[in-house]
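As structure tokens, the structure follows; a few thoughts come after it.
2 protein chains.
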Amino acid sequence: MPGNGLDYSALFNRDLPPPSGPWEGHPRYNFIGGHSDPDMVPTEEFIESAARVFRDDPRNISMYNFSGGPQGILPLRRFLVDKLARHRGIDTNIDDVLITSGSGQGIELINEILLEEGDTVIVEAFSFSGALGNLRRRKVNFAGIELDQDGMRMDHLAEVLADLRAKGVRPKYIYTIPTLQNPTGTVLTMARRQRLLELSEEYGVPIFEDECYADLIFEGEYENAIRSMDDTNRVLHIGSFSKTLGPGTRLGYVVAPWDVMSRLLSRKNDAGTGVMDQMIVGDYFTNHYEDHILEMRAALKRKCDALSSALRESFGPSIEFEVPRGGMYLWVKLPPGVDSRDLNGPALREGIAFNPGPDWSADPDAAANYIRLCFALPSEAEIWEGVEKLAEVFRREGALP
Amino acid sequence: MPGNGLDYSALFNRDLPPPSGPWEGHPRYNFIGGHSDPDMVPTEEFIESAARVFRDDPRNISMYNFSGGPQGILPLRRFLVDKLARHRGIDTNIDDVLITSGSGQGIELINEILLEEGDTVIVEAFSFSGALGNLRRRKVNFAGIELDQDGMRMDHLAEVLADLRAKGVRPKYIYTIPTLQNPTGTVLTMARRQRLLELSEEYGVPIFEDECYADLIFEGEYENAIRSMDDTNRVLHIGSFSKTLGPGTRLGYVVAPWDVMSRLLSRKNDAGTGVMDQMIVGDYFTNHYEDHILEMRAALKRKCDALSSALRESFGPSIEFEVPRGGMYLWVKLPPGVDSRDLNGPALREGIAFNPGPDWSADPDAAANYIRLCFALPSEAEIWEGVEKLAEVFRREGALP
Numbered sequence: 117m118p119g120n121g122l123d124y125s126a127l128f129n130r131d132l133p134p135p136s137g138p139w140e141g142h143p144r145y146n147f148i149g150g151h152s153d154p155d156m157v158p159t160e161e162f163i164e165s166a167a168r169v170f171r172d173d174p175r176n177i178s179m180y181n182f183s184g185g186p187q188g189i190l191p192l193r194r195f196l197v198d199k200l201a202r203h204r205g206i207d208t209n210i211d212d213v214l215i216t217s218g219s220g221q222g223i224e225l226i227n228e229i230l231l232e233e234g235d236t237v238i239v240e241a242f243s244f245s246g247a248l249g250n251l252r253r254r255k256v257n258f259a260g261i262e263l264d265q266d267g268m269r270m271d272h273l274a275e276v277l278a279d280l281r282a283k284g285v286r287p288k289y290i291y292t293i294p295t296l297q298n299p300t301g302t303v304l305t306m307a308r309r310q311r312l313l314e315l316s317e318e319y320g321v322p323i324f325e326d327e328c329y330a331d332l333i334f335e336g337e338y339e340n341a342i343r344s345m346d347d348t349n350r351v352l353h354i355g356s357f358s359k360t361l362g363p364g365t366r367l368g369y370v371v372a373p374w375d376v377m378s379r380l381l382s383r384k385n386d387a388g389t390g391v392m393d394q395m396i397v398g399d400y401f402t403n404h405y406e407d408h409i410l411e412m413r414a415a416l417k418r419k420c421d422a423l424s425s426a427l428r429e430s431f432g433p434s435i436e437f438e439v440p441r442g443g444m445y446l447w448v449k450l451p452p453g454v455d456s457r458d459l460n461g462p463a464l465r466e467g468i469a470f471n472p473g474p475d476w477s478a479d480p481d482a483a484a485n486y487i488r489l490c491f492a493l494p495s496e497a498e499i500w501e502g503v504e505k506l507a508e509v510f511r512r513e514g515a516l517p
Numbered sequence: 117m118p119g120n121g122l123d124y125s126a127l128f129n130r131d132l133p134p135p136s137g138p139w140e141g142h143p144r145y146n147f148i149g150g151h152s153d154p155d156m157v158p159t160e161e162f163i164e165s166a167a168r169v170f171r172d173d174p175r176n177i178s179m180y181n182f183s184g185g186p187q188g189i190l191p192l193r194r195f196l197v198d199k200l201a202r203h204r205g206i207d208t209n210i211d212d213v214l215i216t217s218g219s220g221q222g223i224e225l226i227n228e229i230l231l232e233e234g235d236t237v238i239v240e241a242f243s244f245s246g247a248l249g250n251l252r253r254r255k256v257n258f259a260g261i262e263l264d265q266d267g268m269r270m271d272h273l274a275e276v277l278a279d280l281r282a283k284g285v286r287p288k289y290i291y292t293i294p295t296l297q298n299p300t301g302t303v304l305t306m307a308r309r310q311r312l313l314e315l316s317e318e319y320g321v322p323i324f325e326d327e328c329y330a331d332l333i334f335e336g337e338y339e340n341a342i343r344s345m346d347d348t349n350r351v352l353h354i355g356s357f358s359k360t361l362g363p364g365t366r367l368g369y370v371v372a373p374w375d376v377m378s379r380l381l382s383r384k385n386d387a388g389t390g391v392m393d394q395m396i397v398g399d400y401f402t403n404h405y406e407d408h409i410l411e412m413r414a415a416l417k418r419k420c421d422a423l424s425s426a427l428r429e430s431f432g433p434s435i436e437f438e439v440p441r442g443g444m445y446l447w448v449k450l451p452p453g454v455d456s457r458d459l460n461g462p463a464l465r466e467g468i469a470f471n472p473g474p475d476w477s478a479d480p481d482a483a484a485n486y487i488r489l490c491f492a493l494p495s496e497a498e499i500w501e502g503v504e505k506l507a508e509v510f511r512r513e514g515a516l517p
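In structure tokens form, the structure reads like this:
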């Protein structure tokens, strides 16, 4: 029966998301996802690194976990220990570092070992869609803590923790992106970081610190990681190379004490993270990280300025946003009553893609009139054109006055 | 409280495997896992490929799913379509191919969309430990079908299917490694492949065909894939680059019709498979696959001969094994009453690692007196030395006369 054949519909797991549609290519004006700046890909340096590491250690390719075992190859872990000390104030060692296949795998593994259906965790009211999606898939309850210009509000956190304790609920963790928060771009003040540690201790709840963006502060000194202020093992720290280098390299990391690490390892069933990525990126960053990150910050700052200016020019005062101290996103508030989910289709038909706010919100409806724009990928010219066209679409759809 | 700190024990998911121990390095005589031949890593060709692809398409690094979308980059999928036609008789197209992060991810995704706790699947009595472990983790029931020198026994399969139907159970799939079966090395005859398709149709049960080893037949023509004989979409086909190239590259693939593919894609939450691996391996294999695979087969055959001879010399007639037509494993039967799990520790203490049979068996105890030896990684000299020492350990432990 060609073209007919076996019907799988009765065989599928009954709890699946809707099927994916066919791939339609990237949009012309691409403000979605966490793509990085394509002009920042260090082609010739990558080729040099590839030549060096393939010649030095070809056996890595032929084995599972050759140099360094399941936690990742040693040169990359050594680079990380050094970088985390220099940039994040973190005192750690290679035994507490796990290389993951993107920071998404760090989230997946931490959730896998800590969470069961029906558990409760605490998140920021607006947060990373991938982290929220993972919790929803696991049928875990989450409480969203309000954010202001200084990051997560500690008064609200204290209130929620007390309220949960009164109900007999001990949350499994407090998930935060303290430095250049996704999507709001806020940075948690040092005083609040200290307060967060105190609340974590008072309630016996670990802190799950996600620092995918921290090194993308545009200028000057920046706040140390929460992990750097703690010597009681209550902070599980993750990060990524997707944002500082590019998401095509699937590399992230977890910093965790051994009692947690040994559990993460027993659940890392992927037969290891790709060693080519580990070898090439480890060599490149060991030799070039400081220069690379300075260039990356400068390029992102130019694009951030372009997007901010373009938005002010094309959208005028009917939208609100804060210009962040770094990162790759603007979190833009549209007029009240607008639902950004309704604007997505019309914009895509004009070749413009943005992320509707509800996917980045613990309570989706609370972010109905928000959109997230990533400025890392498009050129400055594309930013100006795309924003102008986006404003036209929004006006036509009645979302702007 | 330095060195004291937060106690995670009350926070862990209650259904976790035992924690991993610290990494102790690779054993001196390494007969475990599916490592490949380190002398086969094409260092200079990899460097050439890396230079070509990084210069041609650097944007791949900076984006999620740049060229080709979530199913994988186009050059690698085009290579696969071509290779599957040439070597496996499979007529497919790039829309039916998904690049995965190792074939383990293919197993994970197929299980994720088809299986719920309490479901039933059919496997070969001796089978891949990773596939069996995945089923156990999901609390899925599995029935093991007996194998003989021609692969899975169709009379036993027919009996089990009829028996399950009588109990009102429709299995979700029949998992088979038809060509160079893991661990037995058997090849399912063409007549049995045909019969398997008939049984699949009669009972409405898909076939899950795992062909990680198929291209490693040492010499001559070899049997086409089951997928090549089917035009009714009842075969889900997976494969790997770990065995033909090296497991440090985390690349595998799934061939599936769109109604299944669209579900796999909606569950592939890893933000894409690493593009460096895809780009470099895609370029290398497009240019060198035929030569590469001939060299790989010849090297493996030499090592297979060495291991077979060494076993006969050091162990004598008290063990049994068939010399396979290809692949990288020998499946060795020890005298009755021996439990290979008890021999593992003593061998490791002498620097020799093997895989105890029970991990590769639907019924662990049924393979208590089996071990699996992988001959791909050690040199021929190490094979001879390692086997001699292993026989000494086994004699000392009373496992051999």
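Sequence order for the protein chains is A and B. The opening position of the first sequence corresponds to residue 117 in my numbering, with each subsequent residue numbered one higher. The opening position of the second sequence corresponds to residue 117 in my numbering, with each subsequent residue numbered one higher. No residue lacks a Cβ here, since even glycine has one placed at the ideal position from N, Cα and C. Bear in mind the structure is a predicted one, so any value in this text is a computation, not a measurement.
Endpoints, alpha helix (DSSP H) assigned at residue i
i      : result
B:W500 : 496-512
B:G149 : Run containing B:G149: none; DSSP gives neither H nor E here.
A:R130 : Premise fails: A:R130 is in no alpha helix (DSSP H) and is neither H nor E.
A:I163 : 159-172
A:L446 : Taken as a continuous stretch (DSSP letters only), A:L446 belongs to no alpha helix (DSSP H), being part of the beta strand (DSSP E) at 445-449.
A:S316 : 306-319
B:R252 : 245-253
For residue i, the three-state DSSP class (helix, strand or coil)
i      : result
B:S233 : Before going on, a small fix: residue 233 of chain B reads as Glu here, not Ser. Here B:E233 sits in coil by DSSP.
A:V197 : helix
B:A372 : coil
B:G121 : coil
A:K419 : helix
B:V397 : helix
A:I435 : coil
B:A515 : coil
A:A482 : helix
A:S477 : strand
B:D271 : helix
A:V454 : coil
Buried versus exposed call for residue i [16 or more other C-beta atoms within 10 Å across all chains shown]
i      : result
B:M117 : Its pLDDT being 36, under 50, B:M117 is placed unreliably in this model, and the value from its coordinates should be taken loosely. B:M117 is exposed by the Cβ-count criterion.
B:M377 : buried
B:N181 : buried
B:A387 : buried
B:G119 : With a pLDDT of 47 at B:G119, under the threshold of 50, the modelled position of this residue cannot be trusted, and the question is left open.
B:R130 : exposed
A:R428 : exposed
Residue from the options whose Cα sits closest to the Cα of residue i
i      : options                        : result
A:N349 : A:D266, A:G267, A:Y289         : A:Y289
A:D421 : A:E339, A:I409, A:E438         : A:E438
B:V276 : B:M156, B:P299, B:I238         : B:I238
A:F244 : A:L296, A:H272, A:M179         : A:L296
B:P433 : B:R441, B:G443, B:K449, B:R418 : B:K449
B:E393 : B:A274, B:V169, B:G137, B:L122 : Reading off the sequence, residue 393 of chain B comes out as Asp, not Glu. Here the closest residue by C-alpha is B:V169.
A:D212 : B:P138, B:A426, B:I354         : B:P138
A:S424 : A:E508, A:R308, A:E504, A:V391 : A:E504
A:Y338 : A:G453, A:N485, A:F195, A:G443 : A:G443
B:A210 : B:I189, B:S477, B:N298, B:E513 : Here the sequence assigns Ile to residue 210 of chain B, which means Ala is not the residue at that position. Checked all of B:I189, B:S477, B:N298, B:E513; the closest Cα to B:I210 is B:I189.
A:F128 : B:E327, B:L361, B:L225         : B:L225
A:G368 : A:I206, A:K359, A:L380, A:G355 : A:G355
First and last residue of the uninterrupted beta strand (DSSP E) at residue i
i      : result
A:S183 : Counting along the chain, A:S183 falls outside any beta strand (DSSP E), and DSSP gives it neither H nor E.
A:L489 : 486-490
A:A259 : 257-261
A:L352 : 351-356
Pairing CB atoms from the segment 195-207 of chain A with CB atoms from the segment 342-356 of chain A, are three or more of them under 8 Å?
-> yes
Check whether the segment 163-172 of chain A touches the segment 294-307 of chain A, taking contact to mean three or more Cβ pairs, one atom from each stretch, closer than 8 Å.
-> No: fewer than three Cβ pairs fall under 8 Å.
Meets three-Cβ-pair contact criterion under 8 Å: the segment 464-472 of chain A and the segment 487-496 of chain A = yes
Touching or not, the segment 254-262 of chain A and the segment 228-238 of chain A, by the rule of three or more beta carbon pairs under 8 Å?
-> yes
contact_flag[the segment 310-318 of chain A, the segment 267-281 of chain A] where n(CB pairs < 8 Å) is 3 or more = Taking 8 Å as the limit for Cβ pairs, the verdict is that the segment 267-281 of chain A does touch the segment 310-318 of chain A.
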